Amino acid sequence: MSSLLFESSRDDLEMLVGEVWSSHVDDRDGLEPAAPHPWSAEPGAATTPCWSGAVSVTGLWQALIAVDLAEPSAQALARGMLGLDEGEEPNRTDLGDAVGELANIVGGNVKSLMPGHHDLSLPVVANTLLEGATELLPQIVLDLAWRGEPVRVRVLALPPSSSHHDQFPEVSE
Amino acid sequence: MKIVLADDSRVMRQIVIRTLRQAGYTGHEILEAENGREAVDLVHREGPDLVLSDWNMPEMSGIDALSSLRGSGCNVPFGFVTSEGSDGMRERAALAGAAFLIAKPFTPEAFQEALAGFLDG
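Protein sequence lines, in the order shown, are assigned to chains S and D.
Last residue of the first sequence: number 177 in this note's numbering, and the count goes up by one each step with no gaps.
Last residue of the second sequence: number 966 in this note's numbering, and the count goes up by one each step with no gaps.
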């Protein structure tokens with residue numbers, strides 16, 4: 005299955021992520037397009053504290069869908085999804101749960117855009133940047149901002165000619 | 846009325862409970878389950894009026910929970926609340942005996958449309 009097939013769905017992905025945000029996170033402050041954020045720190049530079057959530061799609065189309073949020077955005081995400089007040093601090097379990105559920109919703113909808121039968125994994129969450137297997141190439145990367153903090157959505161997929169490899173994400177150092 | 850709500854995400858269970866309230870469904874008893882196995886056990890023990898279930902869960906999936914319930918002769922109304930809302934998934938859900946499938950992200954209006962006839966407002 006051609007990886008180009010998904011390229012035509014970039015607008016669908018932007019619309020979907022916006023819909024998830026307005027329905028379950030924040031119906032006032034939406035996501036805005038933003039310049040790419042340096043998620044992976046250069047040697048010697050400070051690492052951006054962040055959370056990543058990812059789900060794998062397996063079948064004819066092999067892909068990883070990941071969402072990356074800076075720490076303040078992840079906390080605000082959990083507050084928004086749980087309906088907490090601004091001053092309330094979500095615990096780390098709920099924070100990871102919120103990031104994973106965001107990845108699950110986005111990933112499940114991306115899977116639904118692809119024809120044919122595919123399976124969706126349970127979400128993997130890390131309090132650092134999740135990298136996909138090296139065989140997976142970026143298909144769509146949405147660089148966004150929410151309340152001035154970076155948010156990124158990545159769709160990585162196996163090129164059509166590649167054989168099926170393990171899609172489980174690796175945690176970056 | 847009594848509702849079993851199955852989702853491995855506590856955050857999503859809270860969102861569903863909030864959305865039920867926003868859709869006008871108040872005063873119902875919500876029994877929470879973290880996977881399909883817990884949902885099946887709760888249904889047999891509590892005899893709910895409705896089951897709302899995620900599809901993809903550890904231990905036992907929502908579709909396996911539905912099959913288990915139908916296999917044991919339990920015909921409790923069962924609806925999915927899942928991120929996978931393709932035609933294929935809806936067809937699989939219907940064939941297994943689900944009454945409806947609400948796709949995430951959802952609105953209170955989507956709940957009203959799906960739950961009409963199953964739940965008192």
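Each residue gets a CB set at the ideal place from its N, CA and C atoms; glycine is no exception.
Predicted model, so just to flag it, every value in this text is computed and none were measured.
query: Cβ-Cβ distance between residue 878/D and residue 850/D below 8 Å; result: yes
query: Alpha carbon of residue 870/D to alpha carbon of residue 947/D, nearest angstrom; result: 16 Å
query: Closer than 8 Å to chain D by CB, residue 23/S; result: yes
query: The stretch 917-929 of chain D / the stretch 889-899 of chain D touching (three or more Cβ pairs under 8 Å); result: yes
query: For residue 894/D, the first and last residue of its enclosing beta strand (DSSP E); result: That residue, residue 894/D, is in no beta strand (DSSP E); it is neither H nor E in DSSP.
query: Boundaries (first-last residue) of the beta strand (DSSP E) holding residue 924/D; result: 923-927
query: Close Cβ partners of residue 153/S (< 7 Å) along its chain, the five nearest in sequence each way excluded; result: 74, 76 and 77
query: Under the three-state DSSP convention, the category residue 176/S falls into; result: With a pLDDT of 46 at residue 176/S, under the threshold of 50, the predicted position of this residue should be treated as unreliable, and no value is reported.
query: N- and C-terminal bounds of the beta strand (DSSP E) containing residue 29/S; result: It is not in any beta strand (DSSP E) - residue 29/S carries neither H nor E in the DSSP assignment.
query: Assumed close pair residue 68/S, residue 58/S - CB separation to whole angstroms, cut-off 8 Å; result: 6 Å
query: Start-to-end residues for the beta strand (DSSP E) that takes in residue 73/S; result: 67-74
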